[in-house]
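Asker:
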Amino acid sequence: MAIEEQGPDETLDIPEQLPILPLINTVIFPQMVAPLQVLRQKSLACIDEAALHEHKLMVLVAQQSATDDEPTGGSLHAVGTVGSLLQMLKLPNGGARIIVRGIQRVRLTRIVQEEPYLVAQIEPLEEPDDDSLEVRALARTVVDLFQRMVSLVPNVPEEVKVIVMNITSPGRLADFVAANLSLETEEKQAVLAIPDARARLQRVVSLLNREVEVVELGSRIQSQVQDEVSKTQKEYYLREQMKAIQRELGQADDRSAEIEEMQERLAKAKLPEEAMKEANRELDRLKRIPPSSAEYSVARTYLEWMCELPWSAATDDNLDIERAARILDEDHHDLANVKNRILEYLAVRKLKPDSKGPILCFVGPPGVGKTSLGRSIARAIGRKFHRISLGGVRDEAEIRGHRRTYIGALPGRIIQGLRRVAFNNPVFMLDEVDKLGMDFRGDPSSALLEVLDPEQNSTFSDHYLDVPFDLSHVMFITTGNLLDPIPPPLRDRMEVIELPGYAEHDKMLIAKTYLVPRQIEQNGLTERTVAFKDDALHRIIREYTREAGVRNLERTIGSCCRKLAKAVASGKARKRTLGARQLPGLLGPPLFEHEAAERLKEPGVAIGLSWTASGGDILFIESTIMPGKGTLTLTGMLGDVIKESAHAALSYIRAHAADLGIDPDFFTSREIHIHFPAGAIPKDGPSAGVTIATSIVSLLTGKKVASDLAMTGEITLRGRVLPIGGIKEKVLAAHRVGLRRIVLPRRNAKDLADVPEEIRGELTFIPVTTLSQVFDAAFGRNDAPKGTSRAKRRGVTRKPATPRRAPKKAR
Amino acid sequence: MASEDDKFFGRLRLLERQLDKLATDFFFSESFLDTPHGSFWQPPTDVYETEGSVVVRLEAPGLDVKDILIVLRANALLVRAVRHDTTPHERKTYHQLEIRSGLFERVVSLPPNICHEEAEAKYADGFLLITVPKCDEARELRDPVQLRL
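For the record, the sequence lines run as chains A and S. The working numbering puts the first residue of the first sequence at 1, with every later residue one more than the last. The working numbering puts the first residue of the second sequence at 1001, with every later residue one more than the last.
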């Protein structure tokens, strides 16, 4: 209306030059009012200047960098807003707070003054009126989007919506929305720099779309969280209500329900009388104490244990002896004595169902299959299997549990194991029984005495349970690598079954029947793609592994399979047959070389046999004599026993010097040194006695010892040869390196039964009872066995066999 | 002495808070709405009703009567005026600046049963007082009426 256009009006004459107020992280749009904090001296000077003039005008321009403390013309954006200073307050800290209002978009054309404040030449950016349909549509989109966003954001006054609706100018709408979005300074500046309303709206629509998406996502997350919370609240409320209803109806609360349930479970568990009495006493106590007390949960946990123990649940044994034998054979090669023992047990069970479970102890080197044998036994009889490792256990409570008085008390591992298998007649394996520890917390091996005594374990009492539990149906199997560390009382309670190391041909069979198929399968190959030649397996057994068991053998076969799998998978090979020649290519150079028998070229050297945890080996014993004062020097990391047998040997020789054809005074002005090569390996035991004696006699008489002869046996001062252990391993070692005659104590001759038939056939054994028989074998009748055994020996004496050339064994 | 300072700074802090509040109030007030140049400031305005009339009272000292435009519409009253900065034009530094100058425009809505023709305006002691008598029935007002002081 015309009348309203009249009257006072101010056409703001914007001067061509105005002071600049640089803004940090802020963009002021036209028509926007904003509070600002002013701290910089130049800016304060700018405000002071602006305040002097009628309209208090200045140019508000955003800095390009927020960290720029001394902005110059170049570091400001080119487009800013002329603003008017509405209000100002100087603060005690020297700065000022101001309120400004944007008026007009301008472009800075050049800087005309730098000090004391920046002054710019400006040029207003005209905003042409644009009322096209497109602009109107854009404006409507902006309003819609903005309102949608506002409704999603909490704490925004409703008025904002109204304000947006009331803005009629599209350009100002764009400015308003841009100013009120949480945008980066750069994005806001970009909107400010667009003079054309349509383009500005377009930019704002895209920004707004993004923001709406962000806000919607945020509110979705928020509402999800809220849903969760209100769900739990609802549940809680309902539960409380249910409790109230139950109380109203006179129904029991959940505590008495719990006690009732416990009673039922106890009845189902068929506790023996004594245990039932104890459980009932505990249940009565549970009824009296409030659920919030710590005692309550102690009593409850105890009762739960009582319910869950297999007091009377037992699996039915499968007493089919043939089936059991088949299963045992499927899983393990040989080990005949163990298998027989199991079958015997089954037979006895069949005849006398209430017979007690045996307590077996498998002793043998690592990797011979002790643990897996236990598992296989359980499978053969049809019982559950449970295994615990006693290695490093040093607390008696591990076996027998803690008293209930302790917080967090638990039964021992035996009872825990029984609860887990849920039957009272499992095969219970106690691994590494030789590695039990012992310290101030008690001696677990003593606690084991009760567990492993068939006379006592029907009333085994766990500290936690405090009532006897019958362990007599459990079949206990313990395992260990060595028998010596097991305390004698414990050893006494068990039936020891030795699992000796495997001989080479056993390993060969095991590898072919079990390990190779298993590894081929595990590595995703098939028997058609990969085949191991026998010579390859031989070489792996001899040169890449040195052990009594087959663990490393399996690992090495696995390693070959993996490498072949790689070749197959990468398409380089389709079928591979692995021979001994290819092994170094796959596995690297051989890791071990067995002490090869060499021809004894000088007197003073004899070949002994030793026993190690990884099987047997041969041992050269060298002695030498030199001027000295009658001393005996022994080297090679020797233990006391072996040193003593060296002294015994020397004393015997000195005493019988004349008989042996040695100068009786040989020792007075001489010194003898005996060395056991491989000086870094500790050696001990009496079995080297005959070898030491032979070595010294050879040295003193100057006669060479036969090169094909190995010997073992303990000696006494009277020259008797006493039996020793480890015959099987020692014989296998001698056979492996190609020695074909073996001197051994006569009383050990019976142990030869353990040596496989085919190996026995290739060897000549010389059983002895006295040292002179040993010497006869070593020197006297050096050529005696020529006729018979040499033919069998295929010339090994002349041409000592290296492992590679060892004669093939019968298979 | 110290307490005097405390009082002073306390007052300063209060002022700061008021400034903040003012900024927000200003932002959400109609000042952001469309006017040719937008209002630079908003004089405090009372609107009250007596038995016989509706009274609009603006606190706006320092106006020149010729710079005031008052327009009555059917159910609204518009006041637009310009206050010039009349401080002496000399070198000075502001420590506090709150008095606004420049154009302002206020629109107040009015009830329908008023006598537009008998409205009166008066400017005295820095207050602009506009009195519009009430009548019994709503009247039609086709063209806006300008009130003269």
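Positions of the beta carbon are idealized from the N, C-alpha and C atoms, including for glycine.
Quick one, which of A:R375, A:P19, A:L373 has its alpha-carbon nearest L52 (chain A)'s?
Answerer: Selected option, being the one with the closest Cα: A:P19.
Asker: Taking the alpha carbon of V1132 (chain S) as the reference point, which residue from S:D1125, S:P1144, S:N1113, S:R1142 has its own alpha carbon closest?
Answerer: When each option's Cα is compared against that of V1132 (chain S), the closest is S:N1113.
Asker: Taking K1122 (chain S) as the query, report the chain A residues whose CB atoms sit under 7 Å from its CB, ordered along the chain.
Answerer: What K1122 (chain S) touches in chain A: nothing, since even the nearest Cβ is about 18 Å away.
Asker: Does DSSP put A1060 (chain S) in a helix, in a strand, or in coil?
Answerer: Coil.
Asker: Of all the CB atoms in chain S, is at least one closer than 8 Å to the CB of S84 (chain A)?
Answerer: So yes, S84 (chain A) belongs to the interface.
Asker: CA-CA distance, Q416 (chain A) and I486 (chain A)?
Answerer: Cα to Cα, Q416 (chain A) sits roughly 24 Å from I486 (chain A).
Asker: When you check each C-beta in the segment 1116 to 1148 of chain S against every C-beta of chain A, which residues fall closer than 7 Å?
Answerer: Cβ contacts with chain A come from P1144, Q1146.
Asker: Give the residues from the segment 46 to 61 of chain A that approach chain S closer than 9 Å (Cβ to any Cβ), ordered along the chain.
Answerer: Listed by position along the chain: I47, D48, A51, L52, H53, E54, H55, K56.
Asker: So does the segment 566 to 585 of chain A actually touch the segment 534 to 548 of chain A, counting three or more Cβ pairs closer than 8 Å?
Answerer: Touching, yes, given that three or more Cβ pairs across the two stretches are closer than 8 Å.
Asker: Whose CA, out of S:E1117, S:P1111, S:H1116, S:I1070, lies closest to the CA of F1104 (chain S)?
Answerer: Nearest option by C-alpha distance: S:I1070.
Asker: Run down chain A in chain order and give the residues with a C-beta less than 7 Å from the C-beta of E1059 (chain S).
Answerer: None at all; the shortest Cβ gap to chain A is about 17 Å.
Asker: Where do the N-terminal and C-terminal ends of the alpha helix (DSSP H) with G689 (chain A) fall, by residue?
Answerer: 689 to 701 is the span of the alpha helix (DSSP H), which, as asked, contains G689 (chain A).
Asker: What does T1093 (chain S) touch in chain A if you count any residue whose Cβ is under 7 Å from its own?
Answerer: Simply D48.
Asker: Whose CA, out of S:C1135, S:A1138, S:Y1123, S:K1134, lies closest to the CA of L1147 (chain S)?
Answerer: Comparing Cα positions, the closest option is S:Y1123.
Asker: Let me see if you follow: with CB-CB separation under 8 Å, is K90 (chain A) close to chain S or not?
Answerer: Yes - at least one Cβ of chain S is within 8 Å of the one on K90 (chain A).
Asker: How is E184 (chain A) classed by DSSP in three states: helix, strand or coil?
Answerer: Here E184 (chain A) sits in coil by DSSP.
Asker: Determine the burial state of K507 (chain A): buried for a count of at least 16 other Cβ atoms within 10 Å of its Cβ, exposed for fewer.
Answerer: It is buried - the Cβ of K507 (chain A) has at least 16 other Cβ atoms within 10 Å.
Asker: Round the Cβ separation of L717 (chain A) and S651 (chain A) to the nearest angstrom and send it over; I've been treating them as touching at under 8 Å.
Answerer: Rounded, the Cβ-Cβ distance is 6 Å, consistent with contact.
Asker: Find the residues of chain A that neighbour D1085 (chain S), judging by a C-beta separation of less than 7 Å, and give them in chain order.
Answerer: Under the 7 Å cutoff, chain A gives E54.
Asker: Report the rounded CA-to-CA distance for R107 (chain A) versus G94 (chain A), giving the unit in angstroms.
Answerer: Approximately 31 Å between the Cα atoms of the pair.
Asker: Once the 5 residues before and after T769 (chain A) are set aside, which same chain residues still bring their CB inside 7 Å of it?
Answerer: If we look at T769 (chain A) and ignore the five residues flanking it on each side, its Cβ neighbours are R720, V721, R746.
Asker: Taking N830 (chain A) as the reference, give the member of A:I167, A:A178, A:R404, A:V363 with the closest Cα.
Answerer: Residue 830 (chain A) falls outside the range modelled here, since chain A spans only 1 to 811, and no answer is possible.
Asker: Tell me whether S698 (chain A) is buried or exposed, calling it buried when 16 or more other Cβ atoms sit within 10 Å of its Cβ.
Answerer: The residue is buried, with at least 16 neighbouring Cβ atoms inside 10 Å.
Asker: Terminal residues of the continuous beta strand (DSSP E) containing I672 (chain A)?
Answerer: Start and end: 670 to 675.
Asker: Between S461 (chain A) and the rest of its own chain, which residues show a CB-CB distance below 6 Å, the 5 nearest in sequence each way excluded?
Answerer: P468.
Asker: Measure the C-alpha to C-alpha separation of R555 (chain A) and R654 (chain A) and round it to an integer number of angstroms.
Answerer: Approximately 52 Å between the Cα atoms of the pair.
Asker: Taking just the CA atoms, how far does D227 (chain A) sit from A45 (chain A)?
Answerer: Computed Cα separation, rounded: 56 Å.
Asker: Thinking just about the alpha-carbon of each residue, which of A:V731, A:P686, A:A294, A:G630 is nearest to the one in D751 (chain A)?
Answerer: Nearest option by C-alpha distance: A:V731.
Asker: Do the CB positions of I122 (chain A) and V59 (chain A) come within less than 8 Å of each other?
Answerer: Yes, the Cβ-Cβ distance between I122 (chain A) and V59 (chain A) is below 8 Å.
Asker: Considering just the uninterrupted stretch of the beta strand (DSSP E) at A611 (chain A), what are its terminal residues?
Answerer: The question names Ala, but residue 611 (chain A) in the sequence shown is Trp. Unbroken beta strand (DSSP E) run through W611 (chain A): 605 to 612.
Asker: Rank A:L138, A:R341, A:K643 by C-alpha distance to the C-alpha of E495 (chain A) and give the top, closest one.
Answerer: Of A:L138, A:R341, A:K643, the residue nearest in Cα terms is A:R341.
Asker: Please report the distance separating the alpha-carbon of R740 (chain A) from that of E762 (chain A).
Answerer: R740 (chain A) and E762 (chain A): Cα-Cα distance of roughly 7 Å.
Asker: For F1026 (chain S), which of helix, strand or coil comes out of DSSP?
Answerer: Its pLDDT being 46, under 50, F1026 (chain S) is placed unreliably by the model, and the measurement read from it follows with that caveat. Correct three-state label for F1026 (chain S): helix.
Asker: Please report the distance separating the alpha-carbon of S256 (chain A) from that of K287 (chain A).
Answerer: So the alpha carbons of these two residues sit roughly 8 Å apart.
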